[in-house]
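Worksheet for the structure shown next.
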Ligand code: C2E
Ligand code: CA
Ligand code: CA
Ligand code: CA
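Numbering (the UniProt record's numbering), first residue to last: 432 to 705.
Shown next, in the form of structure tokens:
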């Protein structure tokens with residue numbers, strides 16, 4: 432019993448995961464993960480800071496590995512990209528997220544869902560087909576879906592990518608710039624990318640705790656900028672009451688973070704927080 436306890440502990444320790452299983456083995460496992468139903472979505476609430484209402488949630492993928500336990504995206508998505516397995520995963524995520532949002536909208540008709548899109552997927556012309564197939568299959572209005580793209584994914588945006596984003600916009604799909612402020616030339620994006628939303632990176636929000644004037648000014652500036660460009664804006668990674676108070680004082684309309692809710696298989700959409 433002692434040995435079993437010890438090995439169970441080992442499996443749960445992130446640093447030991449890599450040594451327990453080889454990369455090649457992990458890639459082989461990943462190939463089967465989608466087909467064998469080992470991927471799960473968790474949903475993290477996005478809160479309307481004026482009312483406390485949860486109208487939206489971000490879908491975050493987890494891999495329930497049969498031996499290693501629950502793996503977070505940072506753990507396996509880089510490997511998936513490398514092994515060319517990101518597209519089936521992204522597709523699965525989009526389909527599942529649309530299905531979930533369609534059920535939320537039965538009790539909360541304004542509910543929306545946000546899905547992360549990898550850079551590799553953004554480069555593919557079939558992104559549009561994947562997204563329209565998913566919304567159609569779920570019976571979800573395209574305006575209820577937002578795609579989150581990081582600045583690093585957008586940095587290489589070619590004419591073809593910009594064109595694709597324009598087409599998604601025309602379908603009514605939202606485009607959020609994720610981790611806003613961490614990449615280069617953030618301001619030039621706002622003129623080129625047909626975005627509908629900015630998500631303020633949690634590194635800025637984290638620094639609001641220490642009365643960091645620059646962090647405060649950054650969150651304030653992005654909030655104002657979003658307002659002027661008629662974009663939605665979300666402060667990410669709100670963990671403490673103090674951060675919440677600062678974000679609310681700045682007038683940022685929406686927040687996301689552990690204070691309001693951790694990612695969970697049960698989405699809190701339609702409920703109230705704060
Ligand atoms: P992200 O898009 O910036 O997602 C937010 C991450 O921050 C999530 O980590 C979430 O659990 C975490 N988080 C939320 N609130 C807080 C907080 O208050 N404090 C702290 N410290 N962290 C918080 P997660 O789920 O591990 O996801 C990490 C990244 O993996 C995501 O970053 C996203 O870029 C990527 N990702 C997640 N799911 C998918 C997916 O389905 N497809 C793709 N392509 N990428 C995904
Ligand atoms: Ca995101
Ligand atoms: Ca983010
Ligand atoms: Ca991030």
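The beta-carbon is built from N, C-alpha and C at its ideal position, and this holds for glycine as well.
Bear in mind that the values here come from a model prediction, so they are computed numbers and not experimental data.
Original post:
Mapping DSSP to helix, strand and coil, what is residue 493?
Top reply: By 1-based counting over the chain shown, the position of residue 493 is 62. Of the three classes helix, strand and coil, the one that applies to residue 493 here is strand, per DSSP.
**OP:** Please classify residue 541: is it buried, with 16 or more other beta-carbons within 10 angstroms of its beta-carbon, or exposed?
**Re:** Looking up residue 541 in the chain shown gives position 110. With fewer than 16 other Cβ atoms within 10 Å, it is exposed.
Subject >> CA nearest to the CA of residue 571, picked from 549, 635, 602 >> reply: As a position in the chain shown, residue 571 is number 140, starting the count at 1. Ranking 549, 635, 602 by Cα distance to residue 571 puts 602 first.
**OP:** Can you list the residues near ligand 2, meaning Cβ strictly closer than 6 Å to any non-hydrogen atom, in the order they appear in the chain?
**Re:** 489, 547, 579, 609
Original post:
Quick one: what's residue 471 bridged to in DSSP?
Top reply: On the chain shown, position 40 is the one that residue 471 refers to. Residue 471 pairs with 493.
Original post:
Cβ of residue 613 within 7 Å of any heavy atom in ligand 1?
Top reply: The residue given as residue 613 occupies position 182 in the chain shown. No.
Subject >> Inter-residue spacing [alpha-carbon to alpha-carbon] between residue 442 and residue 622 >> reply: One-based indexing of the chain shown puts residue 442 at position 11. One-based indexing of the chain shown puts residue 622 at position 191. At residue 442 the pLDDT is 38, less than 50, meaning the model places this residue with poor confidence; the figure from the coordinates comes in the next sentence. Cα to Cα, residue 442 sits roughly 47 Å from residue 622.
Original post:
How many Å lie between residue 698 and residue 575 at the Cα?
Top reply: For this step, residue 698 is matched to residue 267 along the chain shown. For this step, residue 575 is matched to residue 144 along the chain shown. Their Cα atoms are separated by approximately 15 Å.
**OP:** Could you tell me the distance, in whole angstroms, from the CA atom of residue 683 to the CA atom of residue 606?
**Re:** Along the chain shown, read from residue 1 onward, the residue named residue 683 stands at position 252. Along the chain shown, read from residue 1 onward, the residue named residue 606 stands at position 175. So the two alpha carbons sit approximately 18 Å from each other.
Original post:
Just curious, the beta strand (DSSP E) that residue 543 is in, first and last residue?
Top reply: Position 112 of the chain shown holds residue 543. Note, residue 543: beta strand (DSSP E), 543 to 547.
Original post:
Out of 659, 661, 663, 692, which has the shortest C-alpha to C-alpha gap to residue 675?
Top reply: Sequence index remark: in the chain shown, residue 675 carries index 244 (1-based). With distances taken between Cα atoms, residue 675 lies closest to 692.
Subject >> Exposure label - residue 639; buried when at least 16 CB within 10 Å >> reply: Locating residue 639 in the chain shown gives position 208, counting from the first residue. By the neighbour-count rule (16 or more Cβ atoms within 10 Å), residue 639 is buried.
**OP:** Using alpha carbons as the reference points, say which of 452, 509, 536, 533 lies closest to residue 498.
**Re:** Here residue 498 corresponds to residue number 67 of the chain shown, with the count starting at 1. Closest by alpha carbon: 452.
Original post:
Between the beta-carbon of residue 620 and the beta-carbon of residue 608, is there less than 8 Å?
Top reply: In the chain shown, residue 620 corresponds to position 189, counting from 1. In the chain shown, residue 608 corresponds to position 177, counting from 1. It is a contact, given that the beta carbons lie within the stated cut-off.
Subject >> N-terminal and C-terminal residue of the alpha helix (DSSP H) that residue 644 is part of >> reply: Along the chain shown, read from residue 1 onward, the residue named residue 644 stands at position 213. Its alpha helix (DSSP H) spans residues 644 to 659.
Subject >> Residue environment, residue 653, which counts as buried when at least 16 other CB atoms sit within 10 Å >> reply: Locating residue 653 in the chain shown gives position 222, where the first residue counts as 1. Buried: at least 16 other Cβ atoms inside 10 Å.
Original post:
Is it the case that the Cβ atoms of residue 580 and residue 604 are separated by a distance below 8 Å?
Top reply: Locating residue 580 in the chain shown gives position 149, where the first residue counts as 1. Locating residue 604 in the chain shown gives position 173, where the first residue counts as 1. In this structure, residue 604 does not lie closer than 8 Å to residue 580 by Cβ.
Original post:
residue 634 to residue 468, Cα distance in whole Å?
Top reply: By 1-based counting over the chain shown, the position of residue 634 is 203. By 1-based counting over the chain shown, the position of residue 468 is 37. About 34 Å.
Subject >> Same chain only: Cβ atoms within 6 Å of residue 681, ignoring 5 sequence neighbours per side >> reply: In the chain shown, residue 681 corresponds to position 250, counting from 1. The answer, listed in chain order, is 650, 651, 654.
Original post:
Straight-line CA distance for residue 544 to residue 532?
Top reply: For the purposes of this step, residue 544 is taken as the residue at position 113 of the chain shown. For the purposes of this step, residue 532 is taken as the residue at position 101 of the chain shown. Distance between the alpha carbons of residue 544 and residue 532 is about 6 Å.
**OP:** Drop a sphere of 10 angstroms on the beta-carbon of residue 466, count the other beta-carbons inside from all chains shown, and report buried for 16 or more, exposed for fewer.
**Re:** Locating residue 466 in the chain shown gives position 35, where the first residue counts as 1. Answer is exposed; the Cβ neighbour count stays below 16.
Original post:
Comparing the CB of residue 524 with every heavy atom of ligand 1, is any distance shorter than 7 Å?
Top reply: Numbered from 1 along the chain shown, position 93 holds the residue referred to as residue 524. Yes - ligand 1 has a heavy atom lying nearer than 7 Å to the Cβ of residue 524.
Original post:
Contact check, residue 700 vs residue 486 under 8 Å by CB: the rounded distance?
Top reply: By one-based count along the chain shown, residue 700 stands at place 269. By one-based count along the chain shown, residue 486 stands at place 55. Going by Cβ atoms, the distance from residue 700 to residue 486 rounds to 7 Å, so yes, they are a contact pair.
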